[in-house]
Structures are given as C-alpha cells and as structure tokens.
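Q: Quick note on numbering: my numbering labels position 49 of the sequence shown as 495, and the sequence is numbered without any gaps. Can you read through this structure? Questions will come right after.
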Amino acid sequence: MLVCVPTGRRSRATRALALLSLAVVWTAGCSSPAGGAPGTDPTAAPPLPGPEDGSGAAGESGSPADDEAVPPGDGPLGDRVVVIDPGHNGGNADAPSEINTLVPAGPGEKACDTVGAESVNGYAEHEFNWDLSLLVQERLEADGATVILTREDNEGVGPCVNERAEIANENGADVALSIHADGGPGSGRGFHVITPGEVSGFTEEIVEPSALLAEDIRREYLEGSEVPYADYLAEEGLDERTDLGGLNMSTVPKVFLEAGNMRNAEDAELLEDPEWRERAADSIARGLATYLLRE
Numbered sequence: 447m448l449v450c451v452p453t454g455r456r457s458r459a460t461r462a463l464a465l466l467s468l469a470v471v472w473t474a475g476c477s478s479p480a481g482g483a484p485g486t487d488p489t490a491a492p493p494l495p496g497p498e499d500g501s502g503a504a505g506e507s508g509s510p511a512d513d514e515a516v517p518p519g520d521g522p523l524g525d526r527v528v529v530i531d532p533g534h535n536g537g538n539a540d541a542p543s544e545i546n547t548l549v550p551a552g553p554g555e556k557a558c559d560t561v562g563a564e565s566v567n568g569y570a571e572h573e574f575n576w577d578l579s580l581l582v583q584e585r586l587e588a589d590g591a592t593v594i595l596t597r598e599d600n601e602g603v604g605p606c607v608n609e610r611a612e613i614a615n616e617n618g619a620d621v622a623l624s625i626h627a628d629g630g631p632g633s634g635r636g637f638h639v640i641t642p643g644e645v646s647g648f649t650e651e652i653v654e655p656s657a658l659l660a661e662d663i664r665r666e667y668l669e670g671s672e673v674p675y676a677d678y679l680a681e682e683g684l685d686e687r688t689d690l691g692g693l694n695m696s697t698v699p700k701v702f703l704e705a706g707n708m709r710n711a712e713d714a715e716l717l718e719d720p721e722w723r724e725r726a727a728d729s730i731a732r733g734l735a736t737y738l739l740r741e
C-alpha cells in the first residue's frame, strides 16, 4: 500500500497563519452550510470526462525556499490529518493494462485509474493536480497539519481509486480532498465540487460532513480563485454523485474539486499560470481550515 507522508516544506508561516485567521472568522459565523447541502437526488456520471473518466496532470512545485519554519504539529491545525489526493499520475498513459484493471468502487467495479485531461497548450491535468496539491500541502503544514499525499511524485502509475480512498481511511484522516481539473466542452467554463451521494453500505456516514466540506471549499474557492461556478454541469458549483470509487470507498469526509475546465481557453489560461495557482491554493487551504476548525 502506497502511503506517502511527505517531508514537504513548512514555509510561509506568516501568510498561512493569516489565512487561518480568515478561516476562524468563517468558522465563528458559519456553523451550517451557506447555501444548504447539495441536492438529495444523486446524479449519474455526466456525459463528459470526469475525475475517473479521463483527466490528470502534475509537475514540480517550484516553491521558494523557506522563509520561516514551523515545527511539525505546531499551529492551529496541529492535531489534524489531511489527505490530499492529486488526481491521476504522470505514468498512467504508458501503463494501459495496469490502469484499466477493475478494482472495487462501491457496489461495483471501475478501472483502477485514468490518464486525465489536457489543455490545448499541452498542460496535462495530472501535472496541474500535482502542482496545486503541493501548494495546498505547504499551506496546511505551515499551520501544523499532518498532510499525506496519495502519490509521492508525478512519474508513477496510479494508485488505483480504491487505494487512494484507503490511504485516508487507514491513516485516520480528518478530511480528504481529491484535486482535479475537468475535461469538459470547450464552450463551458467554471469549477465544481463533487460530493458523495448516499450509497447503501458505503457512504451513509460521510454524506453529511462531506456536504459541509464542499460548501466551505466552494465558498472560499469562488472568492479566491476568480473562477465561476461551472456553467455546463452541476448546480451552483455542487455535484452529488454515487458512481465514483474514490468517494464510495472513503470512510472519512471527502470531496473532489474540479478546479476548472482545461478545455476552455479562459479557464486554461488561469490553470497554467503559476501565480494564479498560488492564489487558488490559498483559497483551498482556507476552505479546508474552516471545516477543520469548526469543532
């Protein structure tokens, strides 16, 4: 079982703590989801490439050297464990037999993993997922959280969708977030957050807390990323699904963030911009911190 506990940099402590102060304000004023829980009717998989239907990318973080170190476990998130799941992997395209192997995905089975989407300029989703995940990891660790990534680099294959969920389950994570970018129609743009619908025997315990997590991330990401809600699927940025193994096999609160549409020129311009990814990571970290500090 691949369990990556990175020794990532605990840098930018001052900025990260400022982000946490914003989250604390939200926590005090938002004891329930701002816009209500996602719709109760589970949606079928959209007729567009989704997180397990073909999307993924990664790259090097390019983060600057530490400005101020924070000891592990120190800070307001010091007792929290967060699993960040960078969707797909850089080696998937060269391992079709491995990633097409069927694995448990809830009541049924699905392919182990998929390759992922790509922008018109060739920026692969698996690379984007990796780049953004490292930035989110950096911010959470700066506030003391233990952050576990489901893969250790952007060169390998998988892990399979059930294994990604198992990493969070086995490590007793407080929360798990799978980071993706969609491969929707070029005419559509925007982001959405995918939440688990109720699947008997699998997701009953995580539906409600995952909906709350989705609200926190949706609110902060909308404000901080300047990416609008998706206009080609989902409803006001929320999409409840029962067909994703990464959600069905999770026993901890978990959502997928589809950070934008890689096939839309306007979205892709942002996703490809390193400075924008820094701001996007800020907003994601704020959303996660808001959820984690509610109790």
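Every residue gets a Cβ at the ideal spot worked out from N, C-alpha and C, and that includes glycine. It should be emphasised that the depicted structure is a prediction, and the values quoted were computed from it without experimental measurement.
Please report how far the alpha carbon of E584 lies from the alpha carbon of A611, in whole angstroms.
A: Their Cα atoms are separated by approximately 21 Å.
Q: In the DSSP output, which residue or residues are listed as bridge partners for P550?
A: Answer by DSSP bridge pairing, in chain order: E555.
Q: Please classify A503 as buried or exposed, where buried requires at least 16 other C-beta atoms within 10 Å of its C-beta.
A: Residue placement at A503 is poorly supported in this model, since its pLDDT is 35, which falls under 50; the coordinates still yield a value, given next. Classification for A503: buried.
Q: Could you round the C-beta distance between G733 and R635 to whole angstroms and report it? I think they count as a contact, below 8 Å.
A: In fact, because the Cβ distance is near 20 Å, the residues do not count as touching under 8 Å.
Q: Would you say the stretch 597 to 614 touches the stretch 527 to 535, given that touching needs at least three Cβ pairs under 8 Å?
A: Output reads yes: the stretch 527 to 535 touches the stretch 597 to 614.
Q: In the DSSP assignment, the beta strand (DSSP E) including I640 goes from what residue to what residue?
A: I640 -> beta strand (DSSP E) spans H638 to P642.
Q: Rounded to whole angstroms, what is the Cα-Cα separation between V701 and V639?
A: Their Cα atoms are separated by approximately 7 Å.
Q: Going by C-alpha to C-alpha distance, which of S624, G521 and C606 sits closest to E544?
A: That would be C606, whose Cα lies nearest to the Cα of E544.
Q: Give me the Cα-Cα distance between P522 and A731, rounded to the nearest whole angstrom.
A: Each residue's alpha carbon lies about 13 Å from the other.
Q: Taking C-beta to C-beta, are G691 and H626 nearer than 9 Å?
A: It is not a contact, given that the beta carbons lie outside the stated cut-off.
Q: Could you give the residue range of the beta strand (DSSP E) that holds I530?
A: Per DSSP, I530 belongs to the beta strand (DSSP E) from V527 to P532.
Q: For V528 versus L738, is the C-beta distance shorter than 9 Å?
A: Yes, the Cβ-Cβ distance between V528 and L738 is below 9 Å.
Q: Whole angstroms is fine: what's the gap from A622's alpha carbon to G590's?
A: Approximately 16 Å between the Cα atoms of the pair.
Q: Out of T736, L668 and F648, point me to the one whose CA is closest to S706's CA.
A: Reading off the sequence shown, one finds Gly at residue 706, where the question assumed Ser. Ranking the options by Cα distance to G706, first place goes to L668.
Q: Could you have a look at G706 and say whether DSSP puts it in helix, strand or coil?
A: Reduced to three states, the DSSP call for G706 is strand.
Q: Can you say whether S729 is buried or exposed, counting buried as having 16 or more other CB atoms within 10 angstroms of its CB?
A: Buried, since its Cβ has 16 or more Cβ neighbours within 10 Å.
Q: Rank G630, S671, I594 and E555 by C-alpha distance to the C-alpha of N617 and give the top, closest one.
A: Minimum Cα distance to N617 is reached at I594.
Q: If I measure Cβ to Cβ from V471 and keep anything under 8 Å in the same chain, skipping five residues before and after, which residues do I get?
A: Caution is warranted here: a pLDDT of 46 is assigned to V471, below 50, making its placement in the model unreliable, and the coordinate value is therefore given only provisionally. Result list for V471: empty, nothing under 8 Å.
Q: Which first and last residues belong to the beta strand (DSSP E) in which D685 is found?
A: Note, D685: beta strand (DSSP E), L684 to R687.
Q: Buried or exposed: where does P699 fall if 16 or more other Cβ atoms within 10 Å of its Cβ makes it buried?
A: Looking at its Cβ environment, which holds 16 or more other Cβ atoms inside 10 Å, P699 is buried.
Q: Measure from the alpha carbon of I663 to the alpha carbon of each residue in L703, V582 and N575, then state which is nearest.
A: Out of L703, V582 and N575, L703 has the C-alpha closest to the C-alpha of I663.
Q: Return the Cβ separation of A726 and S671 in integer angstroms, given the expectation that the two are a contact with Cβ distance under 8 Å.
A: That pair is a contact at about 5 Å.
Q: State buried or exposed for P484, treating a residue as buried only when at least 16 other CB atoms are found within 10 Å of its CB.
A: At P484, the pLDDT of 39 sits below 50, so the modelled position is not reliable; the number obtained from the coordinates is stated separately. The residue in question, P484, is buried, as its Cβ has 16 or more Cβ neighbours within 10 Å.
Q: Could you check where the beta strand (DSSP E) with V593 kicks off and where it finishes?
A: T592 to L595 is the span of the beta strand (DSSP E), which, as asked, contains V593.
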